[in-house]
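**Student:**
Numbering (the UniProt record's numbering), first residue to last: 1 to 103.
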C-alpha cells in the first residue's frame, strides 16, 4: 500500500482575507468567483479551492496585478505584520492592470 503525502491547504477566499488583500471574505469570494484569480497560472472560480505553501497567486488589486507566493497560512486574521509573513511578493512593484493605468 502506497502512502500519499498530504499537503495542508486552506480555502482560497479565506487565505486572501487572512493575508489582508481584501477587507472582507465576501469580497475575496466575489473576486474569485468572477474568475480574476489564478493559482499556479490556472484560473480558479471556486472560493473553496484549496491552496497551500508554494502556490503562486495572481490577482488584481487597486489597479495593479499582484503576483505572490504563499509561504503559509494562519488560524485567524491577524494584524498586517502577521499577514505579511504569509506571502512573498514576486512582482514587488505590481504590474499595471492595463496600459491606460500607467498614466
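Built from N, CA and C at the ideal position, the CB exists for glycine as well.
Output the boundary residues of the alpha helix (DSSP H) element that contains residue 27.
**Tutor:** 25–33
**Student:** Cutting at 8 Å between CB atoms, please list the residues of its own chain near residue 86, excluding the five before and the five after it.
**Tutor:** 15, 18, 19, 70, 71, 72, 73, 74
**Student:** Should residue 13 be labelled buried (16 or more other beta-carbon atoms within 10 Å of its own) or exposed?
**Tutor:** buried
**Student:** Sort 26, 53, 25 by Cα distance to residue 40 and report the nearest one.
**Tutor:** 53
**Student:** Less than 8 Å between the C-beta atoms of residue 47 and residue 23, yes or no?
**Tutor:** Cβ distance not < 8 Å, so residue 47 and residue 23 don't count as in contact.
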